[in-house]
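A.B. asks: After the structure tokens below, expect a handful of questions from me.
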Amino acid sequence: MYESYFNFTQTPFSIAPDPTFLYLSDGHREALAHLLYGFSHGGFVLLTGEVGTGKTTLLRNLIKQTPQSLDVAFILNPRLTVKELLETLCDELGIPYLQDDSLSVKQYIDLLNRHLLKSHKMGRDTVVIIDEAQNLSPAVLEQIRLLTNLETDKRKLLRIILLGQPELGELLARKELRQLAQRITARYHLGALTREDTYAYVIHRLSRAGGNPHTFNRGGLWRLYRISKGTPRIINLVADRALLGAYVEGKHRVGARLVNRAAREVLGKPAQPVRWIATGILAACAAGVAWAFFGLPENSAPGAGSTAAPAANVETQPDTEWRKVERINPEQQNPADAMNNSQAAPGQKRFEEPASFGNPEDASADGVESEISGVPTLTVLRPGPEKPAPDTSKLIKQPSINFRRPGISSERSKRLAYARVFEQWGADYSDRDTIPCNFAPSAGLQCLGQTGSWSDIRALNLPVVLELLNENNEPFYGAVTALKDDIITLHLGDDVYQVPSADLRDIWFGGFVVLWQMPPYYKGALKRGDQHRSIVWLRQQLESLSSKPIPGSDETLFDAELYRAVLDFQSEEQLLADGVVGPATWIRLASRLALPSPKLAASTDG
């Protein structure tokens with residue numbers, strides 16, 4: 000009903016487990032890694048979590064990544080008898096059996112065993128995934144344990160993944176199921192989102208739906224977190240109803256009042272007299288007539304800042320001290336060393352869409368790449384020389400500074416922020432008229448815009464440009480060039496501050512851009528079936544990391560063998576294993592190759 004009003008291409012907060020809307024917090028990324036482990040190892044893998052925390056969405060995403068050599072039996076209704084369970088497994092795996100009651104449990108198991116042995120000889124593996132496994136009876140669980148006895152001399156023929164609510168863990172703790180519990184090779188409990196991840200989750204879904212990522216103002220986001228306690232399903236229910244309420248009232252921003260009212264409607268608490276669903280149906284026609292004949296008021300345009308005061312019950316954070324340091328000459332700044340990286344949340348929408356990135360194929364003219372004996376090699380942009388760290392004796396404490404009044408135009412703050420990040424890469428962007436991300440390819444770099452959290456930025460471990468919001472909910476920009484123990488070095492205009500990352504919660508809602516270095520002959524994301532000379536470099540680097548050759552008749556072709564090598568690399572690095580070599584995979588590959596680059600934090604592994 001409200002999709003066209005907010006310019007959404009699809010409903011952003013559906014409670015259906017749509018994997019395209021998957022947001023990977025640290026917890027969800029860890030849970031996904033456990034599920035991927037279950038795809039490749041025998042025994043049991045156990046994933047538990049409260050209702051609505053996103054277990055099924057993770058599972059749907061996992062199934063989309065199923066390797067071609069893996070057969071999956073997916074059981075959604077676990078309220079089965081032992082015989083019904085075995086029949087369901089035969090149905091899922093395509094094993095023919097007599098459709099009557101003449102078969103015994105032993106005969107079903109014999110059919111399964113013959114099928115699994117045949118699949119094993121063909122080089123195929125089999126995994127059984129059971130959702131809502133807390134509803135399994137002890138007898139069925141014991142039969143599932145016995146199925147894992149089907150094995151060869153060297154490996155199990157069946158892998159089991161159990162997903163369920165916390166009661167599943169209590170069930171497996173029963174004495175009669177101790178043998179099964181001892182066979183669990185990996186287990187993980189998925190918790191709710193943190194406040195930081197809740198904000199990033201909402202922004203991520205709004206962006207994926209094609210709308211304004213800042214549709215919920217800071218008061219609305221805060222109330223969503225307090226009401227939902229970080230449970231994604233409750234966030235979706237309340238946010239969806241709040242958007243409907245905003246549509247009915249003709250608003251384009253959602254604040255705490257609308258979120259409170261939505262929560263009363265959907266969570267069964269005493270509601271206000273106006274019912275939005277009924278009102279929304281009647282308002283649809285009126286809104287169309289008003290749009291056609293009168294137009295919307297200027298301050299109601301999509302994305303316009305809300306001037307309404309926050310609701311009285313919105314909790315505010317106390318002012319904290321920020322430390323301001325003297326402006327440091329970039330040539331005197333000390334880039335931090337490397338640290339471990341992991342992928343940022345996949346599927347994020349670009350934060351800045353420049354008109355043109357120029358022609359990356361021509362980047363070699365600027366010394367980005369060269370050829371030796373016909374093999375592409377990478378000439379790396381190196382950060383400036385190591386210099387002493389800033390003199391901390393010059394830190395000035397300035398409590399209660401209001402950085403929601405930056406005193407600088409949005410465009411000016413953007414150019415200065417990008418200039419600081421380009422400096423970290425040894426590139427000069429000062430006093431240029433070119434759009435920053437259009438300038439990047441000439442320096443051998445690319446822009447990657449995302450919405451995420453501090454954990455995503457910490458995982459990338461590269462300098463970033465943050466999109467911040469001033470007191471009128473208008474964007475301005477800052478650069479983060481260092482992060483240590485949650486203390487960030489933040490450049491705002493010509494000033495540099497050291498500030499706890501948590502203190503940005505009221506002005507930063509997840510939008511950032513990271514600059515990363517292009518590989519030789521970069522043309523964009525690579526996928527199976529592509530043919531390009533950049534694939535030669537990709538193939539050779541993966542071979543060097545794995546210390547084994549990747550067979551192929553044409554080194555420029557992204558063939559099946561290279562696809563499998565990419566999947567292996569992505570799985571090892573806990574990236575989304577989709578076989579597509581996009582920015583996240585390029586960034587991680589550069590990290591594994593130890594290519595010089597500016598870092599946010601010092602290495603934790605020496």
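In numbering that gives the first Met the number 0, the protein residues as written are 0 to 605. C-beta atoms are modelled at their ideal positions from N, C-alpha and C, and glycine is treated no differently. If you're wondering where the values come from, they're calculated on a predicted model, not measured in any experiment.
Taking C-alpha atoms, which residue in S590, F557, L192 lies nearest to E572?
C.D. replies: In the sequence shown, counting from the first residue as 1, residue 572 sits at position 573. Nearest of S590, F557, L192 to E572, Cα basis: S590.
A.B. asks: Give me the Cα-Cα distance between A245 and A255, rounded to the nearest whole angstrom.
C.D. replies: As a working mapping, residue 245 is identified with position 246 in the sequence shown. As a working mapping, residue 255 is identified with position 256 in the sequence shown. Going by the C-alpha atoms only, they are around 11 Å apart.
A.B. asks: Which full runs of the beta strand (DSSP E) of 3+ residues lie inside the stretch 449-516, going along the chain?
C.D. replies: Segments of the beta strand (DSSP E) lying fully in the stretch 449-516: 463-468, 474-483, 486-491, 494-499, 507-516.
A.B. asks: What is the DSSP secondary structure of R59, reduced to helix, strand or coil?
C.D. replies: Counted from its first residue, the sequence shown places residue 59 at position 60. Helix.
A.B. asks: Could you check the C-alpha separation between N6 and D455 for me, to the nearest Å?
C.D. replies: Along the sequence shown, read from residue 1 onward, the residue named residue 6 stands at position 7. Along the sequence shown, read from residue 1 onward, the residue named residue 455 stands at position 456. Near 27 Å, if we compare the C-alpha coordinates of D455 and N6.
A.B. asks: Would you call D390 buried or exposed, if buried means 16 or more other Cβ atoms sit within 10 Å of its Cβ?
C.D. replies: In the sequence shown, residue 390 corresponds to position 391, counting from 1. For D390, the predicted structure reports a pLDDT of 41, less than 50, and the residue's modelled location is therefore unreliable. The matter cannot be settled from this model.
A.B. asks: Rounded to a whole number of angstroms, what is the C-alpha to C-alpha distance between R349 and Y96?
C.D. replies: Looking up residue 349 in the sequence shown gives position 350. Looking up residue 96 in the sequence shown gives position 97. Its pLDDT being 30, under 50, R349 is placed unreliably by the model, and the measurement read from it follows with that caveat. The straight-line gap from Cα to Cα measures roughly 51 Å.
A.B. asks: Using the C-alpha atoms, what's the distance from G443 back to R414?
C.D. replies: Here residue 414 refers to the residue found at position 415 of the sequence shown. Here residue 443 refers to the residue found at position 444 of the sequence shown. Cα to Cα, the separation comes out at about 18 Å.
A.B. asks: Between L205 and the ligand GTP, is the CB less than 8 Å from at least one heavy atom?
C.D. replies: Of the ligands one can find in the structure shown there are none, so the ligand GTP has no counterpart to examine.
A.B. asks: Quick one: what's got a C-beta closer than 7 Å to L588's C-beta in the same chain, skipping five residues either side?
C.D. replies: For the purposes of this step, residue 588 is identified with residue 589 of the sequence shown, where counting begins at 1. So the qualifying residues of the chain are Q540.
A.B. asks: Just the C-alpha distance for R504 and Q497, rounded to the nearest angstrom, thanks.
C.D. replies: Working through the sequence shown from its first residue, we reach residue 504 at position 505. Working through the sequence shown from its first residue, we reach residue 497 at position 498. In a straight line, the C-alpha of R504 is about 15 Å away from that of Q497.
A.B. asks: CA-CA distance, I94 and I108?
C.D. replies: The sequence position of residue 94 within the sequence shown is 95, counting from 1. The sequence position of residue 108 within the sequence shown is 109, counting from 1. The straight-line gap from Cα to Cα measures roughly 11 Å.
A.B. asks: If we count the other Cβ atoms within 10 Å of its Cβ and call it buried at 16 or more, is M517 buried or exposed?
C.D. replies: Counting from one through the sequence shown, the residue named residue 517 turns up at place 518. Counting Cβ neighbours within 10 Å, M517 comes out buried, since at least 16 surround it.
A.B. asks: Out of curiosity, what's the CA-to-CA distance linking D577 and I129?
C.D. replies: By 1-based counting over the sequence shown, the position of residue 577 is 578. By 1-based counting over the sequence shown, the position of residue 129 is 130. Taking the straight line from one Cα to the other gives about 23 Å.
A.B. asks: Measuring straight from C-alpha to C-alpha, what distance separates G510 and D485?
C.D. replies: Taking the first residue of the sequence shown as 1, we reach residue 510 at position 511. Taking the first residue of the sequence shown as 1, we reach residue 485 at position 486. Those two C-alpha atoms are separated by around 18 Å.
A.B. asks: Please list the segments of the beta strand (DSSP E) lying wholly inside the stretch 141-174, counting only runs of 3 or more residues, in order along the chain.
C.D. replies: Runs of the beta strand (DSSP E) inside the stretch 141-174: 158-163.
A.B. asks: Just curious, the beta strand (DSSP E) that I183 is in, first and last residue?
C.D. replies: Working through the sequence shown from its first residue, we reach residue 183 at position 184. Start and end: 183-189.
A.B. asks: L135: which of N112, R158, G163, V247 sits nearest, CA to CA?
C.D. replies: Stepping through the sequence shown from its first residue, residue 135 is reached at position 136. Of the candidates N112, R158, G163, V247, the one whose C-alpha sits nearest the C-alpha of L135 is G163.
A.B. asks: For A187, I'd like the list of residues in its chain whose CB is within less than 7 Å of its CB, leaving aside the five on either flank, ordered along the chain.
C.D. replies: Within the sequence shown, residue 187 is the residue found at index 188, counting from 1. Per the sequence shown, the amino acid found at residue 187 is Tyr instead of Ala. Hits under 7 Å: E29, A30, H33, L46.
A.B. asks: Would G160 and G51 qualify as a contact pair, given that the criterion is a beta-carbon distance under 9 Å?
C.D. replies: Here residue 160 refers to the residue found at position 161 when the sequence shown is read from its first residue. Here residue 51 refers to the residue found at position 52 when the sequence shown is read from its first residue. According to the sequence provided, residue 160 is Ile. The question's Gly does not apply to it. Their beta carbons are not under 9 Å apart, which means I160 does not touch G51 by this criterion.
A.B. asks: Report yes if the C-beta distance between L525 and L537 is below 9 Å; otherwise report no.
C.D. replies: As a working note, residue 525 is residue 526 in the sequence shown. As a working note, residue 537 is residue 538 in the sequence shown. In this structure, L537 lies closer than 9 Å to L525 by Cβ.
A.B. asks: Grab me the residues of P137's own chain with a C-beta within less than 8 Å of its C-beta, minus the 5 sequence neighbours each way, in chain order.
C.D. replies: Taking the sequence shown and counting its residues from 1, the one referred to as residue 137 is at position 138. Same-chain partners within the cutoff: L170, R173, E175, L176.
A.B. asks: Give a yes or no on contact between the stretch 51-60 and the stretch 106-125, applying the rule of three or more CB pairs nearer than 8 Å.
C.D. replies: Contact between the stretch 51-60 and the stretch 106-125 is absent, because fewer than three Cβ pairs lie under 8 Å.
A.B. asks: When burial is assigned at 16 or more other CB atoms within 10 Å of the CB, is I62 buried or exposed?
C.D. replies: As a working mapping, residue 62 is identified with position 63 in the sequence shown. Label assigned to I62: exposed.
A.B. asks: Taking 9 Å as the threshold (C-beta atoms), are T147 and L157 in contact?
C.D. replies: One-based indexing of the sequence shown puts residue 157 at position 158. One-based indexing of the sequence shown puts residue 147 at position 148. A contact, by the Cβ cut-off of 9 Å.
A.B. asks: Check whether the Cβ atoms of I476 and Y417 sit closer than 9 Å, and answer yes or no.
C.D. replies: Position 477 of the sequence shown, counted from the start, is the residue given in the question as residue 476. Position 418 of the sequence shown, counted from the start, is the residue given in the question as residue 417. Residue identity check: residue 476 is Tyr in the sequence provided, not Ile. Contact: yes.
A.B. asks: Smallest Cα separation from A199: which of F421, G229, L482?
C.D. replies: The residue given as residue 199 occupies position 200 in the sequence shown. The shortest C-alpha separation from A199 is found at G229.
A.B. asks: If you drop the 5 nearest sequence neighbours on each side, which residues of the same chain put their C-beta closer than 8 Å to that of L69?
C.D. replies: Taking the sequence shown and counting its residues from 1, the one referred to as residue 69 is at position 70. Once the five neighbours on either side are set aside, the close Cβ partners of L69 are F38, R123, D124, T125, V126.
A.B. asks: Would H119 and R144 qualify as a contact pair, given that the criterion is a beta-carbon distance under 9 Å?
C.D. replies: Stepping through the sequence shown from its first residue, residue 119 is reached at position 120. Stepping through the sequence shown from its first residue, residue 144 is reached at position 145. It is not a contact, given that the beta carbons lie outside the stated cut-off.
A.B. asks: Quick check: the Cα distance between N460 and L594, rounded to an integer number of angstroms?
C.D. replies: For this step, residue 460 is matched to residue 461 along the sequence shown. For this step, residue 594 is matched to residue 595 along the sequence shown. Each residue's Cα considered, the two are about 13 Å apart.
A.B. asks: In whole angstroms, what is the alpha-carbon distance linking V420 and P550?
C.D. replies: Walking along the sequence shown from the start, residue 420 turns up at place 421. Walking along the sequence shown from the start, residue 550 turns up at place 551. Spanning the two alpha carbons is a distance of roughly 40 Å.
A.B. asks: L592: buried (16+ other C-beta within 10 angstroms of its C-beta) or exposed?
C.D. replies: Position 593 of the sequence shown holds residue 592. Result: exposed.
A.B. asks: From which residue to which residue does the alpha helix (DSSP H) around G48 run?
C.D. replies: In the sequence shown, the residue the question calls residue 48 occupies position 49. It is not in any alpha helix (DSSP H) - G48 instead sits in the beta strand (DSSP E) that spans 42-48.
A.B. asks: Helix, strand or coil for I129? Go by DSSP, reduced to three states.
C.D. replies: Numbered from 1 along the sequence shown, position 130 holds the residue referred to as residue 129. Looking at I129 - three-state DSSP - the assignment turns out to be strand.
A.B. asks: My understanding is that E195 touches S452, with C-beta atoms under 8 Å, so please give their C-beta distance in whole angstroms.
C.D. replies: On the sequence shown, residue 195 is found 196 positions in, with the first residue counted as 1. On the sequence shown, residue 452 is found 453 positions in, with the first residue counted as 1. The Cβ separation is near 5 Å, so the contact holds.
A.B. asks: Grab me the residues of W515's own chain with a C-beta within less than 7 Å of its C-beta, minus the 5 sequence neighbours each way, in chain order.
C.D. replies: Position 516 of the sequence shown, counting from 1, holds the residue named residue 515. L444, Q445, L447, L461, P582, W585, I586, listed in sequence order.
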